[in-house]
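J.:
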Amino acid sequence: MEPISVNLQNQTSIESNVVQSLRLLERCSKMVEIKQIHARLYKTGLIGEPNAVSRHLASTASPDFGSLTYVRKVFDEISRPNTFMWNTMIRGYSNSNEPEAALLLYHQMLCHSVPHNAYTFPFLLKACSTLSALEETQQIHAHIIKTGFGLDVYATNSLLHVYAISGCIKSAHLLFERLLERDIVSWNSMIDGYAKFGRLEMAFEFFKNMPVKNVVSWTAMISGFVGAGLNKEALNLFCEMLIAGVKPDKVALGISLSACAHLGALDQGRWIHAYIAKNGIKIDRILGCVLIDMYGKCGDMEEALEVFTKLEKRGTSEWTTIINGFAIHGQAQEALDLFVQMNKAGIKPNLITFTAILTACSHAGLVDDGKSMFKSMTTVYRLNPTIEHYGCMVDLLGRAGLLMEAKDLIEKMPLKPNAAIWGALLNACWIHGHLELGKQIGKILLEIDPGHGGRYIHLARIHAAAGEWDQAVEVRSQMKHRGVSKLPGCSSISLNGIVHEFSAGDGCHPQMEKIYWMWNQITEKLRQEGYKPATGDLLLDLYDEEKERAIQYHSEKLAIAFGIISTRPQTTIRIVKNLRVCEDCHIVTKLISKIYSRDIIVRDRTRFHHFKNGKCSCRDYW
DNA sequence: CTAGGGTTAG
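Counting from 0, one number per residue, gives the positions in the first sequence under numbering that gives the first Met the number 0.
Shown next, in the form of structure tokens:
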């Protein structure tokens with residue numbers, strides 16, 4: 000920052016002085032300097048110049064400056080703020096963490112009979128959209144029409160956006176139909192509105208029919224797929240976008256990377272990372288997090304760490320993401336070490352950081368560490384544990400066999416236990432054979448979460464293990480009766496940029512015959528090693544032939560068989576599964592890793608298993 | 001001035 004040396008003595012050159020001051024203002028980056036200039040505006044009388052004051056407000060109210068209180072003070076001193084100044088303040092608050100203030104200001108603006116201009120409504124409606132303030136939006140809608148801005152494309156697009164984003168997609172659609180002038184933004188808002196609420200067919204209808212698409216149109220659609228869990232479709236669309244010759248920007252790349260993360264599509268993730276590097280796209284905070292997360296969720300912690308280390312700035316999110324990476328890999332010590340380093344670096348952990356840390360302790364069975372971290376949340380970091388944190392603790396204690404302690408925690412916690420809490424306890428009961436308690440909890444779960452198929456299966460299993468076949472069958476038929484279906488198990492493997500998906504007993508894959516042949520080969524070798532199927536799950540399904548077949552061909556088994564025939568010997572096989580690995584598959588995969596000398600990395604619904612030479616990184620604790 | 005983004009975990 001150069002010293003401020005504006006010659007203010009000569010009254011005739013006051014205009015050029017204003018201009019010069021304004022230039023300085025725009026270059027200002029520190030609050031102190033802004034305040035200095037403000038003081039100078041006062042001293043020199045320039046404070047009476049609406050232009051100078053306006054610019055001063057504008058640069059101070061920009062999102063780069065956190066402190067709106069200061070701007071507000073300046074604003075409040077102005078006797079008759081003009082429209083520009085009101086707009087500036089509304090814009091400031093619409094981008095802040097108190098957007099309500101924007102609405103209040105607008106109200107005051109009306110009271111003072113200050114006229115609007117075309118810039119007033121977009122700012123104001125932005126505040127409405129973050130607040131999902133529909134009533135206010137309707138009032139503003141009326142004002143827009145009354146004051147003759149009903150044909151202004153910025154005002155109407157802003158309206159359209161609020162309606163679309165706040166779940167009033169019908170109003171948005173109606174408005175869209177009535178618009179005389181629609182531009183690409185109008186279309187994109189419709190796509191985003193429908194996509195965000197899971198109405199992908201409608202979103203796609205708009206996407207398909209719009210006259211010209213830009214990168215935002217594609218991204219809104221891709222993001223809709225990701226939001227609906229259709230990550231494969233999201234990636235396909237990303238590829239189509241490239242083929243259509245639309246250059247992806249950081250937003251498109253980020254959302255596609257998160258699709259890769261969900262899918263465990265390492266190759267595609269690497270490709271996007273390389274694209275970012277090749278095109279000189281700056282890795283901002285979000286891209287940094289997504290990259291770390293992608294590598295972590297795709298099983299490559301070395302690369303995740305590499306990205307993390309190379310980042311210019313590391314904030315809470317970046318640390319949290321890398322810690323979570325180690326957590327899901329069962330590398331609790333690394334996670335805990337990073338937590339210490341994070342503290343040393345002066346970065347404050349947040350609630351999500353603690354979820355990651357507690358997950359790490361839980362997966363590794365570090366009961367004492369977990370307990371002390373949980374305690375430190377309130378005592379050291381002043382964070383109130385949420386239901387997720389209690390869930391982690393119940394899981395941690397229950398998994399370690401401390402069922403009574405887990406139950407005790409549930410009874411004493413200040414929050415109402417939800418399905419996830421009981422689910423964690425039920426799982427613990429199952430692992431440690433506490434069948435009586437398991438049955439009680441299973442019943443609770445069926446009541447509070449009647450649409451979740453997995454709960455029925457769990458309870459039925461427990462009945463079966465207790466030898467209560469009638470009741471096991473009863474639970475299953477209850478499930479059928481209520482029309483609840485089990486989430487089908489699905490495993491995927493990514494090869495040469497193509498994600499292959501398998502579901503249990505699947506016959507869909509073009510190479511299915513070969514895959515089943517390979518699986519039979521594998522079973523033969525397993526038998527020679529003395530393997531016998533873990534039949535716990537099988538017995539329950541005896542009454543249902545189709546399911547029995549499905550269990551023999553669990554989706555991950557098919558994916559592994561496909562992996563072995565489709566890759567060179569020694570190549571690591573990476574599988575992603577949407578459910579937890581069952582005991583039988585875990586045993587089998589360990590054996591396969593030894594017999595075929597293959598590293599097999601399986602990502603479960605909650606964690607990674609690295610199978611190597613007959614052993615698994617989870618040390619059979621999962 | 002209006003439109004698309006991430007980290008928990010279900």
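Ideal placement from N, C-alpha and C gives every residue a C-beta, glycine not left out.
Note that the structure is predicted; figures quoted are calculated from it, not measured.
Just to confirm the assignment: which complete alpha helix (DSSP H) runs, minimum length 4, are found wholly within the stretch 319-393?
T.: Entirely contained in the stretch 319-393, the alpha helix (DSSP H) runs reaching 4 residues are, in chain order, 331-343, 350-363, 366-378.
J.: Given that a residue counts as buried once 16 or more other Cβ atoms are within 10 Å of its Cβ, and exposed if not, what is residue 403?
T.: exposed
J.: Going by CA-CA distance only, name the one from 152, 603, 382 that's closest to residue 174.
T.: Comparing Cα positions, the closest option is 152.
J.: State whether the stretch 297-306 contacts the stretch 260-274, with contact taken as three or more CB pairs (one from each stretch) at a distance under 8 Å.
T.: yes
J.: Between residue 589 and the rest of its own chain, which residues show a CB-CB distance below 7 Å, the 5 nearest in sequence each way excluded?
T.: Result list for residue 589: 610, 613, 614, 615, in chain order.
J.: Do you know whose CA, among 456, 391, 411, lies nearest residue 424's CA?
T.: 391
J.: Could you have a look at residue 97 and say whether DSSP puts it in helix, strand or coil?
T.: Coil.
J.: As an exercise, report each continuous alpha helix (DSSP H) stretch of at least 4 residues that is fully enclosed by the stretch 132-171, in chain order.
T.: 133-145, 152-164
J.: Residue 441 and residue 484: beta carbons closer than 7 Å?
T.: no
J.: Distance check for residue 561 and residue 603, CA to CA, integer angstroms please.
T.: 18 Å
J.: Would you say residue 293 and residue 241 are within 7 Å of each other, going by their C-beta atoms?
T.: No, these two residues do not count as a Cβ contact at 7 Å.
J.: Output the boundary residues of the beta strand (DSSP E) element that contains residue 500.
T.: 497-502
J.: Does the distance from the CB of residue 364 to the CB of residue 118 come in under 7 Å?
T.: no
J.: Is the closest heavy atom of the ligand ZN to the C-beta of residue 209 under 6 Å?
T.: As for the ligand ZN, it is missing from this structure, which has no ligand bound.
J.: In chain order, what residues of the same chain lie with their CB nearer than 8 Å to the CB of residue 102, ignoring the 5 residues before and after it?
T.: For residue 102, where only same-chain residues beyond five positions count, the Cβ hits under 8 Å are 123, 126, 127, 130, 132, 135.
J.: Taking the beta strand (DSSP E) that residue 601 falls in, what are its first and last residues?
T.: Counting along the chain, the beta strand (DSSP E) containing residue 601 begins and ends at 599-602.
J.: Could you work out which residue in 465, 420, 432, 461 is closest to residue 447 when comparing CA atoms only?
T.: 420
J.: Would you report the Cα separation of residue 537 and residue 583, rounded to the nearest angstrom?
T.: Caution applies to residue 537, whose pLDDT of 47 falls short of 50 and renders its modelled position unreliable; the model cannot decide the point.
J.: If you follow the beta strand (DSSP E) that residue 494 is in, where does it begin and where does it stop?
T.: 489-494
J.: What does a CB cutoff of less than 6 Å around residue 412 pick up in its chain, not counting 5 residues either side in sequence?
T.: 389
J.: How many Å lie between residue 463 and residue 475 at the Cα?
T.: 11 Å
J.: Could you check what DSSP says for residue 483 in three-state terms: helix, strand or coil?
T.: coil
J.: In the DSSP output, which residue or residues are listed as bridge partners for residue 106?
T.: Per DSSP, none; premise fails for residue 106.
J.: Please go through the same chain and pick out, in chain order, the residues whose beta-carbon is closer than 6 Å to the beta-carbon of residue 12, but skip the five residues on each side of it.
T.: Because the pLDDT of residue 12 is 47, which lies under 50, any placement of that residue in the model is unreliable, and the number read from its coordinates should be weighed accordingly. Correct list: empty, nothing qualifies.
J.: Residue 245 to residue 235, Cα distance in whole Å?
T.: 14 Å
J.: What is the rounded straight-line gap between the Cα of residue 166 and the Cα of residue 285?
T.: 26 Å
J.: Out of 340, 553, 181, 230, which one is the CA nearest neighbour of residue 578?
T.: 553
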